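**Student:**
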Amino acid sequence: MPELPEVETYRRFLDDVLLQQPITAFEVKDAKVLVTDEDTLRKALVGHRITATRRLGKNCFLELDSGQVLALHFGMTGDVGAYRDEPDAPRFTRVAFHLADGLRVAFVDPRKFGRIRLVESVAAYQKAKKLGPDALDVTPEHLQAVLGTKKPMIKPLLLDQGITAGLGNWIVDEVLFQAKIHPERRAHTLSTKEFKALHEAIQLVLTTAIQHEATYRHFPASFLIHAREWDDSATPGTDAHTFCPRHPKILIEKGYVGGRATYHCPKCQPAPSQE
21 MPELPEVETY RRFLDDVLLQ QPITAFEVKD AKVLVTDEDT LRKALVGHRI
71 TATRRLGKNC FLELDSGQVL ALHFGMTGDV GAYRDEPDAP RFTRVAFHLA
121 DGLRVAFVDP RKFGRIRLVE SVAAYQKAKK LGPDALDVTP EHLQAVLGTK
171 KPMIKPLLLD QGITAGLGNW IVDEVLFQAK IHPERRAHTL STKEFKALHE
221 AIQLVLTTAI QHEATYRHFP ASFLIHAREW DDSATPGTDA HTFCPRHPKI
271 LIEKGYVGGR ATYHCPKCQP APSQE
């Protein structure tokens, strides 16, 4: 599933190829991904330009010169691509924006869970979807204010898009590992120091992922995700990736928290005491 780092990579790609280019045609190959009807979208897009791109959590926004905003949600398998000739169109292209310079920009979605819609503004979309602030914009104070009195476990709370937008399952595991917090800790038991560590870990994980364009095999060997994916790219030819990067003799453990597959280090992230 495209997470915040993937969507930020998509946004930067769209910013490079779409910005200020007149849209000459709006081609729909599969209307299932459209929330706004095709005719309305075509009228809003053809003859107009994208003036800016934005992102909130896992959502990407294209701001039009008319003042309207196109919202893109990538579902489980969404992606973007570019091509010039129809035979080169990416497989599973559902929608294509034809540009004045001859380039075509594809919304690609094998499973067709992605969605395209016109919205009044990013703020209106955020309110309608009840999304919290973007994960890259949250502060330690925000995290402590919204989580510090809550008794549920910290992992499910961090996955709640209404608290902070953009944190997916593997990201939360990585954040908690970097912050040395067990995923089953009750949020109200975290100290001010731990909320600061949580914030620093969110920034570290997201900026690292974006820097590497969400290519996880290129992440530092100090990241938990190598154990999660069970690949040896961080430690070629060995099983060292299945052990904690900080404690090479401690195996990373897998369990389920809130019904989600969860990885953690039993030494770095000690289990909470019984409450």
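Each residue of the sequence shown is one higher than the one before, starting from 21 at the first, in this note's numbering. Ideal placement from N, C-alpha and C gives every residue a C-beta, glycine not left out. This structure is a prediction, so every number in the text was calculated from the model and none was measured.
Which residue marks the beginning of the beta strand (DSSP E) containing K274, and which one marks its end?
**Tutor:** The residue labelled residue 274 in the question sits at position 254 within the sequence shown. Per DSSP, K274 belongs to the beta strand (DSSP E) from E273 to V277.
**Student:** DSSP three-state call for I230: helix, strand or coil?
**Tutor:** Here residue 230 refers to the residue found at position 210 when the sequence shown is read from its first residue. Three-state DSSP puts I230 in a helix.
**Student:** Work out the CA separation of E58 and Q198 for me, nearest whole Å.
**Tutor:** Position 178 of the sequence shown holds residue 198. Position 38 of the sequence shown holds residue 58. Between Q198 and E58, the C-alpha separation is close to 45 Å.
**Student:** In this structure, does DSSP put R32 in helix, strand or coil?
**Tutor:** Looking up residue 32 in the sequence shown gives position 12. Residue state, collapsed to three classes: helix.
**Student:** Does G122 pass the burial test, meaning 16 or more other C-beta atoms within 10 Å, or should it be called exposed?
**Tutor:** Taking the sequence shown and counting its residues from 1, the one referred to as residue 122 is at position 102. Its Cβ having fewer than 16 others within 10 Å, G122 is exposed.
**Student:** Tell me whether H261 is buried or exposed, calling it buried when 16 or more other Cβ atoms sit within 10 Å of its Cβ.
**Tutor:** Counting from 1 along the sequence shown, the entry for residue 261 is found at position 241. Buried, by the Cβ-count rule.
**Student:** Can you tell me which of the three DSSP states L39 falls into?
**Tutor:** Position 19 of the sequence shown, counting from 1, holds the residue named residue 39. Note: L39 maps to strand in three-state DSSP.
**Student:** Nearest to K287 by CA position, among G182, C264 and P110, is which residue?
**Tutor:** By one-based count along the sequence shown, residue 287 stands at place 267. Closest by alpha carbon: C264.
**Student:** Over the uninterrupted alpha helix (DSSP H) stretch that includes R9, give me the two end residues.
**Tutor:** In the structure as shown, the chain starts at 21 and stops at 295, and residue 9 therefore has no counterpart that could be examined.
**Student:** Leaving out five residues on either side along the sequence, give the residues of the same chain with a beta carbon under 6 Å from the beta carbon of R114.
**Tutor:** Counted from its first residue, the sequence shown places residue 114 at position 94. Excluding sequence neighbours, R114 sits near K49, D50, V53, F127 and D129.
**Student:** According to the neighbour-count rule (16 or more other Cβ atoms, all chains shown, within 10 Å of its Cβ), is Q40 buried or exposed?
**Tutor:** In the sequence shown, counting from the first residue as 1, residue 40 sits at position 20. Burial call: exposed.
**Student:** Alpha carbon to alpha carbon, how far is P176 from A281? Give it in angstroms, no decimals.
**Tutor:** The count along the sequence shown starts at 1 and reaches residue 281 at position 261. The count along the sequence shown starts at 1 and reaches residue 176 at position 156. Distance between the alpha carbons of A281 and P176: 11 Å.
**Student:** Could you check what DSSP says for R237 in three-state terms: helix, strand or coil?
**Tutor:** Walking along the sequence shown from the start, residue 237 turns up at place 217. Helix at R237.
**Student:** Provide the residue span of the beta strand (DSSP E) that contains V89, from first to last.
**Tutor:** Here residue 89 corresponds to residue number 69 of the sequence shown, with the count starting at 1. Note, V89: beta strand (DSSP E), V89 to H93.
**Student:** Can you have a look at E140 and say buried or exposed, based on whether 16 or more other CB atoms are within 10 angstroms of its CB?
**Tutor:** Residue mapping note: residue 140 aligns to position 120 of the sequence shown, counting from 1. E140 comes out exposed.
**Student:** In terms of alpha-carbon separation, which member of V225, D35 and I174 lies closest to A17?
**Tutor:** Any answer about residue 17 is impossible in this case: the structure gives the chain only from 21 up to 295.
**Student:** Over the uninterrupted alpha helix (DSSP H) stretch that includes H162, give me the two end residues.
**Tutor:** To locate residue 162, count along the sequence shown from 1; it is residue 142. Its alpha helix (DSSP H) spans residues P160 to L167.
**Student:** Is the region 158 to 170 in contact with the region 205 to 218, if contact means three or more CB pairs nearer than 8 Å?
**Tutor:** Yes, the region 158 to 170 is in contact with the region 205 to 218.
**Student:** How is I201 classed by DSSP in three states: helix, strand or coil?
**Tutor:** Position 181 of the sequence shown, counted from the start, is the residue given in the question as residue 201. DSSP places I201 in coil when its eight states are reduced to three.
**Student:** Could you check whether G98 and P22 sit closer than 7 Å to each other, using their CB atoms as the reference points?
**Tutor:** Locating residue 22 in the sequence shown gives position 2, counting from the first residue. Locating residue 98 in the sequence shown gives position 78, counting from the first residue. Yes, they are a contact pair.
**Student:** Assign E144 to one of two classes, buried (16 or more other C-beta atoms within 10 Å of its C-beta) or exposed (fewer than that).
**Tutor:** Translated into positions along the sequence shown, residue 144 becomes position 124. The sequence shown places Ala at residue 144, rather than the Glu named in the question. Looking at its Cβ environment, which holds fewer than 16 other Cβ atoms inside 10 Å, A144 is exposed.
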